[in-house]
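Just so you know, the sequence shown maps onto residues 1 to 180 in full-length UniProt numbering.
Using N, Cα and C, we set each Cβ at its ideal position, and we do this for glycine too.
For reference, the structure discussed in these notes is given below.
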Amino acid sequence: MDLMTMDHDDHGSESVTAAKSCPMIMVFHGGHCERILWRGWVAATVTEFAFSCIAFFVLSFLYELLKFLREHLIRREARREAELAAELRQKNSVNDCGGGCSETPLAEIREKTYWQRILNTPHIIQSLLNLVQIIISYLLMLVFMNFNYWLCLSVVLGLGVGYFFFGWIKKDPQESECCP
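Rendered as structure tokens:
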């Protein structure tokens, strides 16, 4: 057995299939015959491999777009809450009538309960987007672990181009991407 390749398929009757013709190479290499992510995705020709690279470039770009979208939604929700709080404070200050009115304000800003925060629609949307982002990030990691130069380059370029278009808009420039 060649130590540079590993083939975990032990289906004796399928030994001549396309999946068997592309071994998984466990070192960095530049070939075009790859099994990508799952058994059914085999890029056996240069054309199939090129389309796979384009697909991972686009997926990486969309990953950066998803990160931007989540940041945008967080900012929009925070802005909406700040405007609502300012509006309530303004209504309370306008209704001060000197002494002829009641001393109690019309509306008080109440802190949301735990369940109100959890079941809030923006939080549910953020949670679903986070789930999609995690799935995409692990798929991209698995693609990178094919150790193919071209697949790795397509992922890195997709992330780089996506960051070029969307990453410049940050809430806090000191904030690290890995550690919130």
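1. Is Pro122 closer than 9 Å to Glu87 when the C-beta atoms are compared?
2. Alpha carbon to alpha carbon, how far is residue 182 from Phe144?
3. Would you identify the three-state DSSP class for Val42, choosing helix, strand or coil?
4. Expressed to the nearest angstrom, what Euclidean distance is found between the alpha-carbon atoms of Pro23 and Leu142?
5. Which residues in the same chain as Gly31 place their Cβ atom closer than 8 Å to its Cβ, once the five residues preceding and following it in sequence are excluded?
6. Could you name each continuous beta strand (DSSP E) segment of 3 residues or more that falls completely within the segment 57-81, going from the start of the chain to the end?
7. Please say whether Leu129 and Leu62 have beta carbons closer to each other than 9 Å?
8. Roughly how many angstroms separate the alpha carbons of Ser93 and Arg110, rounded to a whole number?
9. What residue range does the alpha helix (DSSP H) around Gly160 cover?
10. Buried or exposed for Glu14, going by 16 or more other Cβ atoms inside 10 Å?
11. Based on the DSSP output, what are the partners of Arg35 in its beta bridges?
12. Out of Arg70, Arg117 and Trp168, state which residue places its alpha-carbon closest to the alpha-carbon of Ile134.
13. Please classify Asn120: does DSSP put it in a helix, a strand, or coil?
This is what the structure gives:
1. As a position in the sequence shown, residue 87 is number 87, starting the count at 1. As a position in the sequence shown, residue 122 is number 122, starting the count at 1. It is not a contact, given that the beta carbons lie outside the stated cut-off.
2. In the structure as shown, the chain begins at 1 and stops at 180. Residue 182 is therefore absent and cannot be evaluated.
3. Within the sequence shown, the letter at position 42 stands for residue 42. Val42 falls in the strand class under three-state DSSP.
4. Here residue 23 refers to the residue found at position 23 when the sequence shown is read from its first residue. Here residue 142 refers to the residue found at position 142 when the sequence shown is read from its first residue. Each residue's Cα considered, the two are about 16 Å apart.
5. Reading the sequence shown from its first residue, position 31 is the one you call residue 31. Excluding residues within five positions, the ones whose Cβ falls inside 8 Å are Ile25 and Asn148.
6. List check, beta strand (DSSP E) in window: nothing returned.
7. Within the sequence shown, the letter at position 62 stands for residue 62. Within the sequence shown, the letter at position 129 stands for residue 129. Leu129 is positioned such that its CB atom lies no closer than 9 Å to that of Leu62.
8. Position 93 of the sequence shown holds residue 93. Position 110 of the sequence shown holds residue 110. Here the alpha carbon of Ser93 sits roughly 17 Å from the alpha carbon of Arg110.
9. Residue 160 sits at position 160 when you count from the first residue of the sequence shown. Boundaries of the alpha helix (DSSP H) harbouring Gly160: Tyr149 to Phe166, taken from the DSSP string.
10. The count along the sequence shown starts at 1 and reaches residue 14 at position 14. For Glu14, the pLDDT reaches just 46, beneath the cut-off of 50, and the residue's location in the model is therefore unreliable, although a value from the coordinates is still provided. Glu14 sits exposed, since fewer than 16 C-beta atoms from the chains shown fall within 10 Å of its C-beta.
11. For the purposes of this step, residue 35 is identified with residue 35 of the sequence shown, where counting begins at 1. For Arg35, the beta-bridge partners assigned by DSSP are Val42.
12. Reading the sequence shown from its first residue, position 134 is the one you call residue 134. For Ile134, the nearest C-alpha among the options comes from Arg70.
13. As a working mapping, residue 120 is identified with position 120 in the sequence shown. When DSSP states are grouped into helix, strand and coil, Asn120 belongs to the coil group.
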